[in-house]
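Undergrad: Chains as they are written, first to last, in the numbering used here: chain A, 1 to 330; chain B, 1001 to 1339.
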Amino acid sequence: MSGPVASLRGLTKQFRVSGLGRRTLTAVADVDLDVEQGEILGIVGESGSGKTTLGRCLLGLTRPTAGTITVNGAPVTAGDLALRRTVQPVFQDSFGSLDPRWSVRRSVREALDALGIGTPPERDGRVDVLLAEVGLGPEIADRRPGTLSGGQRQRVGIAAALAPQPRLLVADEPVSALDVSVQAQILNLLAGLRRDHGLTIVFITHDLSVVRHLADRVAVMYLGRIIEIGTTAEIFGAPAHPYTKALLSAAPVSDPSRRVVPRLLTGEIPSPIDPPSGCPFHPRCVEAFAPCPIERPVARETSPGHAAACHLVGPGADHPQPAGASPVTA
Amino acid sequence: MIAVSNLGATETTGGGSSLLDVTGLSVGYRSDRGLVSALDDVSFAVGTSEVVGLVGESGCGKSTVAGAVLGLLPRSAQVHGSVRFAGEELVAARASVLRHLRGNRIATIVQDPTTSLDPTFSVGQQIAETVRAHAQVTRSVAKQRALEVLAEVGIPDPRTRYDDPPHRLSGGMRQRVVIAAALVNDPALIIADEPTTALDVTIQAQILALLLRLRDDRGTAIMLISHDLAVVASVCDRVVTMYAGQIAERAPTGSLFAEPGHPYTAALLEALPGSGHAPGELPVIAGTVPDLAGPLPGCRFATRCRHRFEPCDTRPPMATVAPHHDVACWLRVDTAEHP
């Protein structure tokens, strides 16, 4: 396969905020991103990082303020039916995304009906195939979501997403509401769909351990921007951006013999309504120096495919090391 | 040597005297389908200045334990066994006794600070109110104490924040306020039920560090209820694993994660994304939790257990496999026969 499944160029999404004065919340700011065929791309970030808005733009559920999105090489607009076939969502709360009055069969069939895929009898047969695909027996088809377990509901949500044979799944926190043992089943299911069908998955989550396990590449977002991107091995093994380092160090590890004192970040995530000048991370950054509050760093490669937006990073780093700061890159 | 003790026997804590002793605690509810056994013969202890984790998946009963300790279970609950706090029996204690303990000697922190803070009062007033509910002091003394704890939990500029309503604060700051309110009467025990589950990871790290600092500075014991094994691994001294209303395993944290003795604990650790398995190959726990309304004579995990054998139809005793490491599993009773 050639070319990325989806490309974002200069993607920006702003929201008007009501209240005193006219204010703008910049949820996603000038994001360039290619999603490659067959990969699982993790997008991680904390509250307000813009990861969910980015996913909604990709799904055509939110109209970008600026920038372009192309899927399969063709530009897309919000509400585009062709896009809905190609890019499908999996949400955290499958209880909220499935109609409680509808049977599982009807929920999964909905996408086929809406998009006019196949004849009605064919659609019923297709529902059974889809349920089997996600590990559910045909006896589930006539049940309502309320009678299913959380794991079963998430499987139904995935079956519905697979119905129109999409090329790309955008999964936003798909396992965050699930218990560990059920989470493992859903992660296995998603990995299997990629392995067996070459499905491309954008996996949006706050959970670093899940991304480390499943993703091929990881993009780290902070206040609407991708501040670092690279292969999973590079992001976790040699993080370049101070925020990525702080995020990794803050994540608890399920191994008490590797307890470390985390590099605690001071302060809170600033408001995306009034983001800091220069580098958006500078007020919390232990390595900030003169240019950081003034000039926004551009993304620079540290190695092929691994880039970070930090004044201390990259072969083109044209600013001196601050006194007392530890060197960031090798 | 493998010693077998009765399930109801009180365990020894990892040093220090036991502040909280839960012994043979059972909680049942009547339902149309019969008696639902929410907790069955649960025993564990929390020592002074210890951090003890209670872990398990949805419905395992870990929050019911908190409710039983605090005397906050519904009236319909049938409670048996013993909960002793600083030597005082709490099961069937008078409501006034429990009211005096709650928010005073035993404080709680819950997952969602918006539910434990009143939106119509300033955060400072709510903390001052907690002081005055348990001590006859003037308003100005109560306010002074509130300002002190707000500073102690890291709220910047407490005098200004004192008058803010909860919604003015971020989620992390609200959780700090809840912790301040929990601390203000200098409790001996804090029951923290998923205290960081709703928070971002960098804020979670700050709150966990704060809880550990309070334990170190004040000697406050913490019972940390969590579904997150990584959080438990990073902060707890000892861990209690629960499954379907029963204790599966009690152990020092290092021992539990290095050598889980119960097949359920082992399966949980294996199912974690960080367990080192390739994508698509995480070991899963087949099956579902049994109906707690049914008759459950044997090991409650047996229907999902890969190691099931005949004895599992009767309830396993608690076997001590290492110092302070107890496992409720027949496999551990006679290791020679079943390695």
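Think of the CB as a built atom: it goes at the ideal place given N, C-alpha and C, for glycine as much as any other residue.
Can you look up B/A1181 in the DSSP assignment and give me helix, strand or coil?
TA: Note: B/A1181 maps to helix in three-state DSSP.
Undergrad: Considering Cα atoms alone, identify which of A/H213, A/A160, A/H311, A/V175 is closest to B/E1281.
TA: The candidate whose alpha carbon is nearest that of B/E1281 is A/H213.
Undergrad: Whose C-beta lies closer than 7 Å to the C-beta of A/P262 among residues of the same chain, with five residues either side of it excluded?
TA: Excluding residues within five positions, the ones whose Cβ falls inside 7 Å are S249, A250.
Undergrad: Does chain A have any CB closer than 8 Å to the CB of B/Q1246?
TA: Closer than 8 Å: no.
Undergrad: Straight-line CA distance for B/N1185 to A/I229?
TA: Roughly 47 Å separates the two Cα atoms.
Undergrad: Name the chain A residues whose beta carbon is nearer than 9 Å to that of B/F1257?
TA: S254, D255, P256, S257, listed in chain order.
Undergrad: One question on the structure: do A/G267 and A/R296 come within less than 8 Å of each other, judged by their Cβ atoms?
TA: No, they are not a contact pair.
Undergrad: With 7 Å as the limit, tell me which residues of the stretch 170 to 202 of chain A have their beta carbon closer than that to any beta carbon of chain B; keep them in chain order.
TA: Residues D179, V180, S181, A184, Q185, L187, N188, A191, G192, R195.
Undergrad: Taking C-beta to C-beta, are B/H1167 and B/S1255 nearer than 8 Å?
TA: No, these two residues do not count as a Cβ contact at 8 Å.
Undergrad: From the DSSP secondary-structure annotation, give me the bridge partner or partners of B/V1052.
TA: Partner(s): B/M1223, B/R1238.
Undergrad: Can you pull the DSSP bridge partners for A/Q14?
TA: Answer by DSSP bridge pairing, in chain order: A/T26.
Undergrad: Should A/H213 be flagged as near chain B, meaning a C-beta pair shorter than 8 Å?
TA: It does; some Cβ of chain B falls within 8 Å.
Undergrad: B/G1254 lies in the beta strand (DSSP E); which residues open and close that run?
TA: Run containing B/G1254: none in the beta strand (DSSP E); it sits in the alpha helix (DSSP H), 1253 to 1258.
Undergrad: If we count the other Cβ atoms within 10 Å of its Cβ and call it buried at 16 or more, is A/R153 buried or exposed?
TA: With 16 or more Cβ atoms within 10 Å of its Cβ, A/R153 is classed as buried.
Undergrad: Going by DSSP, name the residue or residues bridged to A/T200.
TA: Paired residue(s): A/L168.
Undergrad: Please return the same chain residues whose Cβ sits closer than 6 Å to the Cβ of B/P1323, not counting the five positions on each side in sequence.
TA: Within the same chain, B/P1323 has no close Cβ partners at all.
Undergrad: Between B/R1161, B/A1107, B/L1229, which has its C-alpha nearest B/T1220's C-alpha?
TA: Ranking B/R1161, B/A1107, B/L1229 by Cα distance to B/T1220 puts B/A1107 first.
Undergrad: Does the stretch 1310 to 1319 of chain B touch the stretch 1044 to 1060 of chain B, meaning 3 or more C-beta pairs lie closer than 8 Å?
TA: Judged by Cβ distances under 8 Å, the stretch 1044 to 1060 of chain B makes no contact with the stretch 1310 to 1319 of chain B, as fewer than three pairs qualify.
Undergrad: Tell me the start and end of each unbroken alpha helix (DSSP H) in the stretch 1151 to 1209 of chain B that is at least 4 residues and wholly inside, in chain order.
TA: Here the runs fully enclosed are 1158 to 1161, 1171 to 1183.
Undergrad: Would you say the beta carbon of B/F1044 is closer than 7 Å to some non-hydrogen atom of the ligand MN?
TA: No copy of the ligand MN occurs in the structure displayed, which carries no ligand at all.
Undergrad: Using a Cβ-Cβ distance cut-off of 8 Å, determine whether A/V210 contacts chain B.
TA: Yes, its Cβ sits closer than 8 Å to a Cβ of chain B.
Undergrad: Looking only at DSSP bridge pairs, what is A/Y243 linked to?
TA: In DSSP, A/Y243 forms no bridge with anything.
Undergrad: If you compare alpha carbons, which of B/A1045, B/G1024, B/V1052, B/S1037 is closest to B/V1232?
TA: Ranking the options by Cα distance to B/V1232, first place goes to B/V1052.
Undergrad: Measuring only the C-alpha atoms, how far is B/G1199 from B/G1172?
TA: Inspection of the sequence shows that residue 1199 of chain B is occupied by Leu rather than by Gly. In a straight line, the C-alpha of B/L1199 is about 7 Å away from that of B/G1172.
Undergrad: My understanding is that A/L168 touches A/V202, with C-beta atoms under 8 Å, so please give their C-beta distance in whole angstroms.
TA: That belief holds up - the Cβ atoms of A/L168 and A/V202 are roughly 7 Å apart, short of 8 Å.
Undergrad: Quick one: does A/H206 have its CB under 8 Å from some CB of chain B?
TA: Yes, contact with chain B.
Undergrad: Starting from the Cα of B/A1182, find the closest Cα among B/T1023, B/V1149, B/V1097 and give me that residue.
TA: Nearest C-alpha to B/A1182: B/V1149.
Undergrad: Taking only beta-carbon atoms, is A/L25 less than 8 Å away from chain C?
TA: In summary, chain C is missing from the structure at hand, where the protein chains are A and B.
Undergrad: Using a Cβ-Cβ cut-off of 7 Å (strictly less than) and excluding sequence neighbours within five positions of B/D1163, which residues of its own chain qualify?
TA: Closer than 7 Å at the Cβ level, and outside the excluded window around B/D1163, lie S1122, G1124.
Undergrad: Pick out whichever of A/P64, A/A307, A/G48 has its Cα sitting closest to the Cα of A/P280.
TA: When each option's Cα is compared against that of A/P280, the closest is A/G48.
Undergrad: Roughly how many angstroms separate the alpha carbons of B/L1147 and B/P1165, rounded to a whole number?
TA: Computed Cα separation, rounded: 15 Å.
Undergrad: Would B/I1207 pass as a contact of B/T1196 if the rule is Cβ separation under 8 Å?
TA: Going by C-beta atoms, B/I1207 is nearer than 8 Å to B/T1196.
Undergrad: Would A/A251 count as contacting chain B if we go by Cβ distances under 8 Å?
TA: At least one chain B Cβ lies under 8 Å of A/A251.
Undergrad: So, A/V220 versus A/I227, is the Cβ gap smaller than 8 Å?
TA: In contact: A/V220 and A/I227 (Cβ atoms closer than 8 Å).
Undergrad: Tell me which residues of the stretch 1056 to 1072 of chain B have at least one Cβ-Cβ distance to chain A shorter than 7 Å, keeping chain order.
TA: Flagged, chain order: E1057, S1058.
Undergrad: Which residues in the same chain have their Cβ closer than 6 Å to the Cβ of A/D142, if we skip the five residues on either side of it in sequence?
TA: Cβ neighbours of A/D142 beyond the five flanking positions: S103.
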